[in-house]
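Residue numbers (my numbering): 156 to 300.
Structure first, commentary second.
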Amino acid sequence: MAELKNRSAYFEYAIEDKYIAGIVLTGTEIKSIRAGKVSFNDAFCYFSRGELFVKSLHIAIYSHGTYANHDPLRERKLLLTKRELRKMENKLKERGYTIIPLRIFINEKGLAKMEIGLGKGKKLHDKRESIKQRETERELRRYVK
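Printed below as a string of structure tokens:
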């Protein structure tokens, strides 16, 4: 199964809550996701009329697609329960919160799902701390072997 992670999300943001959302896709988009042709560069989620959308998530054009191929950067609707949407919308009204796509995966039923995180942007000193922590963990693993 394909699992594609947004590596820079954990470096740029302090994630507080995580949600699993369904994605509204076309046929060639799901085939590109299964092939692993997804880029999370600058992808973010936003609310429009009470619905959640993901913007600038690049799903590459399917190589064997015909005239019915999709637009790689189109906005895609995310499917969550009303209670989850209301909870996230209230958190977004607080200053500094944003919704970031963390990973895309195919579940047991063969459906594409997206894990999204509610987090705050890290400051420069927080990023330095993350780098320092990663380096110490790497050294510890080196000495344990």
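All C-beta atoms, glycine included, are put in the ideal place defined by N, C-alpha and C.
Because the structure is a prediction, the values reported are computed rather than measured.
CB-CB length for residue i against residue j, believed under 8 Å
| i | j | result |
| --- | --- | --- |
| Ile254 | Leu273 | 6 Å |
| Ala198 | Pro256 | 5 Å |
| Tyr168 | Lys282 | Actually they do not touch by this definition, with Cβ atoms about 10 Å apart. |
| Glu230 | Phe208 | 5 Å |
Extent of the continuous alpha helix (DSSP H) run through residue i
| i | result |
| --- | --- |
| Ser203 | Careful: Ser203 lies outside any alpha helix (DSSP H), inside the beta strand (DSSP E) at Phe199 to Ser203. |
| Glu239 | Lys237 to Lys248 |
Start and end residues, beta strand (DSSP E) containing residue i
| i | result |
| --- | --- |
| Lys268 | Ala267 to Gly276 |
| Lys232 | Arg231 to Leu234 |
| Thr291 | From DSSP, Thr291 is part of no beta strand (DSSP E) but of the alpha helix (DSSP H) over Leu279 to Val299. |
| Arg258 | Tyr252 to Ile261 |
Nonlocal neighbours in the same chain, by C-beta distance under 8 Å from residue i, ignoring five residues either side
| i | result |
| --- | --- |
| Glu244 | Phe202 and Gly205 |
| Ile304 | Absent from the structure is residue 304, since the part of the chain shown begins at 156 and ends at 300. |
| Asn196 | Ser211 and His213 |
| Leu234 | Ala176, Gly177, Ile178 and Val179 |
| Glu220 | First, the residue type needs correcting, since residue 220 is Gly and not Glu in the sequence shown. Excluding residues within five positions, the ones whose Cβ falls inside 8 Å are Thr183 and Lys186. |
Residue(s) in a DSSP beta bridge with residue i
| i | result |
| --- | --- |
| Glu206 | Ser203 |
| His213 | Ser194 |
Chain-order list of residues whose beta-carbon lies under 6 Å from that of residue i (same chain, five-residue window excluded)
| i | result |
| --- | --- |
| Ser218 | none |
| Lys192 | Ala215 |
| Asp172 | Leu273 |
Cβ shell of residue i (< 7 Å), same chain only, five flanking positions each side left out
| i | result |
| --- | --- |
| Ser285 | Phe166 |
What are the complete beta strand (DSSP E) segments, minimum 3 residues, inside the segment 156-188?
Within the segment 156-188, complete beta strand (DSSP E) segments of at least 3 residues are found at 158-160 and 168-178, given in chain order.
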